[in-house]
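For the sequence shown, position 15 matches number 15 in the UniProt record's numbering, and the numbering has no gaps at all. Heads up, the thing below is written out as structure tokens.
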Amino acid sequence: MSLSTAGYLARRAAQKERVRILYRRALKDSLNWAVHRHIFYQDASDLRERFEANKHVEDLDTIDHLIADAEAQYGKWRHPDPYIVPWAPGGSKFTRNPPPPRGVEILHDYGKEEND
């Protein structure tokens with residue numbers, strides 16, 4: 001079965017996007033496993049080598065199979081308790097200070113005197 005040029009390019013673009021997203025997720029997840037930066041740098045280098053090993057594969061079905069295997073492996077080795085920046089959604093400081101109740105007025109111009 002032969003694909004048209006536009007179909008081929010669209011499929012390749014989708015595959016490249018999936019690989020980019022997978023690589024970024026795996027790289028960020030490796031920060032959760034590494035205790036020190038020198039360990040992370042080695043893990044990041046190993047991860048890059050694994051992605052670079054299949055860089056020159058041209059068959060679309062083989063690429064889809066490799067991506068599916070990599071996504072399954074990433075899902076298997078994902079960190080169970082990832083680090084979340086404290087002020088980001090899901091972090092320990094996110095919405096720690098709830099908004100004031102209705103009727104309470106907050107003055108942001110305190111300390112300023114108006115000269116009449």
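In this text, a Cβ means the ideal position worked out from N, Cα and C, and glycines have one as well.
{"Query": "Give a yes or no on whether the C-beta atoms belonging to Asp29 and His79 are separated by under 8 angstroms.", "Result": "yes"}
{"Query": "State the start and end residues of the unbroken alpha helix (DSSP H) segment that holds Asn32.", "Result": "5 to 33"}
{"Query": "Tell me which same chain residues have a C-beta within less than 7 angstroms of the C-beta of Arg25, skipping the five on either side of it?", "Result": "Tyr74"}
{"Query": "In whole angstroms, what separates the C-alpha of Lys16 from that of Gly90?", "Result": "29 angstroms"}
{"Query": "Would the stretch 51 to 63 and the stretch 97 to 106 be scored as touching if the rule is three or more Cβ pairs under 8 angstroms?", "Result": "no"}
{"Query": "Whose C-alpha, out of Tyr41, Ser92, Leu66, is nearest the C-alpha of Leu22?", "Result": "Leu66"}
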